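Q:
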Amino acid sequence: MNILDLLILVFLAFSIIQGWKRGLISQILDLAGVLIAFFVASRYGVAFGSWLGGYINLEKFAAKVVVSEAEGKGLSGLLVGALEGIVPDVVVALQNILGYVLLFFLVLAAAKLLSFIFKSLSHIPVLGTLDTLGGVIFGFLKGALITLVIVWILSLLPIPRVMDFMESSLFAPVLLNIAPGIYERVFNPQQYDEIVKTINKMRDALKPE
Numbered sequence: 009m010n011i012l013d014l015l016i017l018v019f020l021a022f023s024i025i026q027g028w029k030r031g032l033i034s035q036i037l038d039l040a041g042v043l044i045a046f047f048v049a050s051r052y053g054v055a056f057g058s059w060l061g062g063y064i065n066l067e068k069f070a071a072k073v074v075v076s077e078a079e080g081k082g083l084s085g086l087l088v089g090a091l092e093g094i095v096p097d098v099v100v101a102l103q104n105i106l107g108y109v110l111l112f113f114l115v116l117a118a119a120k121l122l123s124f125i126f127k128s129l130s131h132i133p134v135l136g137t138l139d140t141l142g143g144v145i146f147g148f149l150k151g152a153l154i155t156l157v158i159v160w161i162l163s164l165l166p167i168p169r170v171m172d173f174m175e176s177s178l179f180a181p182v183l184l185n186i187a188p189g190i191y192e193r194v195f196n197p198q199q200y201d202e203i204v205k206t207i208n209k210m211r212d213a214l215k216p217e
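The opening position of the sequence shown corresponds to residue 9 in the working numbering, with each subsequent residue numbered one higher.
Structure follows, in structure tokens:
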């Protein structure tokens, strides 16, 4: 067992403790909240930004920023006038950004509120026990998945020091035996084989004689 194994154990223990403290309901709703917020913001952020544009005057702000930036760089009046022509595009960009960010955090806040409401149910004895037990299992699985990804990424690094840690590790080889089954489903199998071959060549080339 080396330092990498100790770090893996510490991270897994931390994930389990977090799962135990937060419970299953909070963790699932938090994860679902982020995914739903991202989806809603991606889908409706532009429309929401346009709607906000009817209540917030961004054109004046955009014009002020563009002109002051141009004048600060000592550009001629002609160039400043030309830059003023891009103000409508800047306004649209600002509306889109504002719409996306605000909508994302509004949905996230709603999910947090929902999580808080459902969490209150965990005070019921049976539900509380199931919530805690489910939280421990969920925390372990989440920690194991994150650990697997990190170890797999480390295995791709053709750095002699990292390679030594990986080879002498107790847990890394076990995780790496699991990783191909997952990553072969992410990549095209032929593409995955080519990636592995290339990485192995780099590792072999950098191995000390």
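Glycine residues also receive a C-beta, built at the ideal position from the N, C-alpha and C atoms.
Nothing here was measured: the structure is a model prediction, and the numbers come from that model.
Figure out for me which residue from L184, I145, D172, L162 has the closest Cα to the Cα of L32.
A: In the sequence shown, counting from the first residue as 1, residue 32 sits at position 24. The candidate whose alpha carbon is nearest that of L32 is I145.
Q: Identify, in the order they occur along the chain, each residue of the same chain with its Cβ nearer than 6 Å to the Cβ of G142, setting aside the five sequence neighbours on each side.
A: As a first step, residue 142 is located in the sequence shown; it is residue number 134 there, counting from the start. Listed in chain order, the non-local C-beta contacts of G142 below 6 Å within the same chain comprise L32, local neighbours out to five positions each way being set aside.
Q: Could you give the DSSP three-state label for M9: helix, strand or coil?
A: Residue mapping note: residue 9 aligns to position 1 of the sequence shown, counting from 1. Looking at M9 - three-state DSSP - the assignment turns out to be coil, as it is neither helix nor strand.
Q: Suppose the cutoff is 8 Å on Cβ atoms and the five residues either side in sequence are ignored; what does the same chain contact list for L20 look like?
A: Looking up residue 20 in the sequence shown gives position 12. Same-chain partners within the cutoff: F148, G151, A152, T155.
Q: Assuming M174 and A180 are in contact, meaning their beta carbons sit under 8 Å apart, how far apart are those beta carbons, in whole angstroms?
A: Sequence index remark: in the sequence shown, residue 174 carries index 166 (1-based). Sequence index remark: in the sequence shown, residue 180 carries index 172 (1-based). Beta-carbon to beta-carbon, M174 and A180 are separated by about 5 Å, close enough to satisfy the 8 Å threshold.
Q: For I64, which of helix, strand or coil comes out of DSSP?
A: Taking the sequence shown and counting its residues from 1, the one referred to as residue 64 is at position 56. I64: coil per DSSP, three-state reduction.
Q: Measuring CB to CB, does S177 end up less than 8 Å from N10?
A: Residue 177 sits at position 169 when you count from the first residue of the sequence shown. Residue 10 sits at position 2 when you count from the first residue of the sequence shown. Yes, they are a contact pair.
Q: Can you give the Cα-Cα distance for N104 and I44, rounded to whole angstroms?
A: On the sequence shown, position 96 is the one that residue 104 refers to. On the sequence shown, position 36 is the one that residue 44 refers to. If you take the alpha carbons of N104 and I44, they lie about 18 Å apart.
Q: D139: buried (16+ other C-beta within 10 angstroms of its C-beta) or exposed?
A: As a first step, residue 139 is located in the sequence shown; it is residue number 131 there, counting from the start. When all chains shown are included, D139 counts as buried.
Q: For F126, does the three-state DSSP call read helix, strand or coil?
A: Taking the sequence shown and counting its residues from 1, one reaches residue 126 at position 118. Of the three classes helix, strand and coil, the one that applies to F126 here is helix, per DSSP.
Q: For S163 versus L135, is the C-beta distance shorter than 8 Å?
A: For this step, residue 163 is matched to residue 155 along the sequence shown. For this step, residue 135 is matched to residue 127 along the sequence shown. At least 8 Å separates the beta-carbon of S163 from that of L135.
Q: Could you tell me the distance, in whole angstroms, from the CA atom of L110 to the CA atom of L39?
A: For the purposes of this step, residue 110 is taken as residue 102 along the sequence shown, with counting starting at 1. For the purposes of this step, residue 39 is taken as residue 31 along the sequence shown, with counting starting at 1. Their Cα atoms are separated by approximately 19 Å.
Q: If you follow the alpha helix (DSSP H) that F173 is in, where does it begin and where does it stop?
A: Mapped onto the sequence shown, residue 173 falls at position 165. Here the alpha helix (DSSP H) through F173 covers 168 to 176.
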